[in-house]
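Asks: Take this structure first; my questions come after.
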Amino acid sequence: MHNNLVLPDQAILVGVGVNQIFSVEDLDELALLCQTCNIETVGRVIQNRKDVDVTYYIGKGKVEEIKNLIAEKHANVVVFDVELSGSKVRNLERELNVPVLDRSKVILDIFAARAQSAAGKLQVELAQLRYNLPRLIGNGGLMSKMRNGVGMRGPGEKQLELDKRLIHDEITALERKLAEVKKARMVAGRQRHHERRVCLVGYTNSGKSTLFNLLTKAGVYAKDELFATLDTTTRSIYLNGKNFVLTDTVGFINHLPHEFINAFEATLDETREADLLIHVVDCANPNHEEQIAVVNQVLANIGAGKIPQLLVYNKIDKNPDFVAPADALVISAVQKTNIEQLKAKIFDLI
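Offset between the sequence shown (1-based) and our numbering: plus 234.
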């Protein structure tokens with residue numbers, strides 16, 4: 235019955251604070267990202283430094299500590315909570331003799347597994363190519379030590395066999411295809427110009443898709459995991475005599491590389507063109523204030539920072555004592571708490 239069950243990879247997570255204090259708890263989000271990729275965390279290593287080591291990013295002594303922990307915990311992969319250059323990945327793998335992934339690689343793999351629409355797949359492929367371009371030498375045969383093939387979905391490792399010219403050509407071709415997608419969406423948008431546009435935005439796993447399903451009965455995939463939704467979904471809604479268009483968008487996350495944001499240009503256009511942003515926050519997450527700041531920074535970066543915003547604190551069922559700011563709402567999309575109040579607020583704002 236379980237013959238086809240793939241056992242999780244065993245990972246050592248590494249966090250580095252450069253001119254700042256990094257704690258073991260700061261690796262919790264990376265552990266969740268890894269869990270989404272069927273990677274189990276078996277150890278954590280932290281180093282706080284004044285600067286980055288030119289060879290390994292971390293110090294040689296810390297490399298030895300990780301090597302010993304790999305042997306002790308029988309780990310078969312090391313995951314860094316920073317973005318590593320290709321040369322540092324190669325140097326670390328040479329010393330540790332296991333694949334070394336960085337945070338961006340893990341996020342890319344989740345994106346590759348989750349993309350459903352043609353546009354979503356194109357955007358993931360573009361992000362992968364842009365990520366791999368400066369890392370062409372790659373990490374070769376060590377990837378075979380991993381059970382789940384993280385880093386090898388989509389174009390992944392095969393792109394490392396191509397030269398820069400070919401990758402640049404592929405990037406150009408993908409950009410052209412995505413420009414066509416963007417154009418088609420603009421045409422569709424003009425056909426809906428008479429309708430007000432509302433976008434659900436927020437940190438990944440804040441409950442946007444659950445709320446979207448509740449408001450639209452759309453049946454969008456919603457699960458308690460990071461990046462459960464990657465593609466945007468749009469539905470027309472009739473609310474108390476008003477028509478508007480509601481869009482569910484991909485969640486944001488801290489330290490999302492610029493090439494990812496640029497690759498998702500077509501998707502982010504939906505957010506930029508909104509008349510109202512419903513910023514959904516997981517009030518049960520102890521880091522929700524930091525997550526709000528991350529989302530607002532990304533919105534500012536993509537040109538959506540000045541769009542009117544309604545702050546909605548979700549998952550009050552998990553944190554019943556939470557008190558929201560006066561201008562915000564508190565809801566539970568799962569238990570349907572205060573949803574009528576939310577609808578009334580949306581009606582007032584559009």
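Using N, Cα and C, we set each Cβ at its ideal position, and we do this for glycine too.
Taking the alpha-carbon of Ala-508 as reference, which of Phe-486, Val-288, Ile-541 has the nearest alpha-carbon?
Replies: Ile-541
Asks: If I measure Cβ to Cβ from Gln-543 and keep anything under 6 Å in the same chain, skipping five residues before and after, which residues do I get?
Replies: So the qualifying residues of the chain are Leu-511, His-513.
Asks: Using CA atoms only, rank isn't needed, just tell me which of Ser-443, Val-248, Gln-362 is closest to Ile-585.
Replies: The structure shown does not extend to residue 585, since the chain is modelled only from 235 to 584, so the question has no answer here.
Asks: For Thr-270 and Thr-438, I'd like the C-alpha separation in whole angstroms.
Replies: 12 Å
Asks: Going by C-alpha distance, which of Ile-341, Gln-244, Phe-498 is nearest Ala-305?
Replies: Gln-244
Asks: Ignore the nearest five residues each way along the sequence and tell me which others in Asp-285's own chain have a CB closer than 7 Å to its CB.
Replies: So the list reads Val-252, once near-sequence residues are dropped.
Asks: Of the residues Asn-553, Ile-495, Ile-550, Val-528, which one's Cα is nearest the Cα of Lys-364?
Replies: Per the sequence presented here, residue 364 reads as Arg, with Lys not at that position. Of Asn-553, Ile-495, Ile-550, Val-528, the residue nearest in Cα terms is Ile-495.
Asks: Is the CB-CB distance between Val-340 and Val-313 below 8 Å?
Replies: Taking the C-beta atoms as reference points, Val-313 is found nearer than 8 Å to Val-340.
Asks: Rounded to the nearest angstrom, how far is the Cβ of Gln-506 from that of Ala-538, given a contact under 8 Å?
Replies: The question names Gln, but residue 506 is Arg in the sequence shown. Contact holds; Cβ gap of about 5 Å.
Asks: Is Cys-433 helix, strand or coil by DSSP?
Replies: strand
Asks: Taking Cβ to Cβ, would you say Val-515 is nearer than 8 Å to His-522?
Replies: yes
Asks: For a quick check, are the C-beta atoms of Leu-480 and Thr-444 less than 8 Å apart?
Replies: no
Asks: Answer with buried or exposed for Asp-343, where buried requires no fewer than 16 other C-beta atoms within 10 angstroms of its C-beta.
Replies: buried
Asks: Considering Cα atoms alone, identify which of Val-568, Val-546, Ser-566, Ala-567 is closest to Ala-560.
Replies: Val-546
Asks: According to DSSP, simplified to helix, strand and coil, what is Glu-507?
Replies: Looking at Glu-507 - three-state DSSP - the assignment turns out to be coil, as it is neither helix nor strand.
Asks: What whole-angstrom Cβ distance do Leu-261 and Asp-336 have, given they're in contact under 8 Å?
Replies: Contact flag wrong, Cβ pair sits at about 13 Å.
Asks: Taking DSSP as the reference, what is the three-state secondary structure of Ser-378?
Replies: Annotation note: pLDDT 48 at Ser-378 (below 50); position unreliable, coordinate value reported separately. It is helical.
Asks: Among Leu-241, Lys-442, Glu-259, which residue has its Cα nearest to the Cα of Val-248?
Replies: Glu-259
Asks: On a Cα-Cα basis, can you pick out the residue from Ala-578, Leu-408, Lys-552 that is closest to Gly-475?
Replies: Ala-578
Asks: Leaving aside the five residues before and after Tyr-291 along the sequence, list all residues of the same chain whose C-beta is less than 8 Å from its C-beta, in chain order.
Replies: Scanning its chain for C-beta atoms nearer than 8 Å, with the 5 sequence neighbours on each side dropped, one finds around Tyr-291 the residues Val-250, Phe-314, Val-316, Leu-318, Lys-322, Leu-326, in chain order.
Asks: Please work out which residues of its chain come closer than 8 Å, Cβ to Cβ, to Ile-536, disregarding the five sequence neighbours upstream and downstream, and give them in chain order.
Replies: These residues qualify, in order along the chain: Ile-495, Leu-502, Thr-505, Arg-506.
Asks: How is the alpha helix (DSSP H) around Leu-330 delimited, first residue to last?
Replies: Segment 320 to 330, the alpha helix (DSSP H) holding Leu-330.
Asks: Can you grab the Cα-Cα spacing for the pair Thr-289 / Lys-398, in whole Å?
Replies: The straight-line gap separating the alpha-carbon atoms of Thr-289 and Lys-398 is approximately 24 Å.
Asks: Check each candidate in Val-297, Leu-576, Lys-355 and name the one with the smallest Cα separation from Asn-331.
Replies: Val-297
Asks: Can you check DSSP and say which residues form a bridge with Ala-252?
Replies: Checking the displayed sequence, the identity of residue 252 turns out to be Val instead of Ala. For Val-252, the beta-bridge partners assigned by DSSP are Arg-283.
Asks: Are Ala-518 and Asn-553 closer than 8 Å when you measure CB to CB?
Replies: yes
Asks: Closest by CA to Asn-488, which one among Ile-255, Phe-256, Glu-263?
Replies: The candidate whose alpha carbon is nearest that of Asn-488 is Glu-263.
Asks: According to DSSP, simplified to helix, strand and coil, what is Leu-303?
Replies: helix
Asks: Using DSSP with H/G/I as helix, E/B as strand and the rest coil, what is Gln-569?
Replies: coil
Asks: Cβ of Leu-490 within 7 Å of any heavy atom in the ligand ATP?
Replies: The ligand ATP is not among the ligands present in this structure, which contains no ligands whatsoever.
Asks: Quick one: what does DSSP say Asn-548 is sitting in, helix, strand or coil?
Replies: strand
Asks: First and last residue of the alpha helix (DSSP H) that includes Asp-343?
Replies: 337 to 348
Asks: Do you know how far the Cα of Leu-303 is from the Cα of Ile-573?
Replies: 49 Å
Asks: To the nearest angstrom, how far is it from the Cα of Ala-562 to the Cα of Thr-467?
Replies: If I take the Cα positions, the gap works out to 25 Å.
Asks: Among the candidates Asn-310, Ile-550, Ile-255, whose CA atom is the shortest distance from the CA of Arg-283?
Replies: Considering only alpha carbons, the answer is Ile-255.
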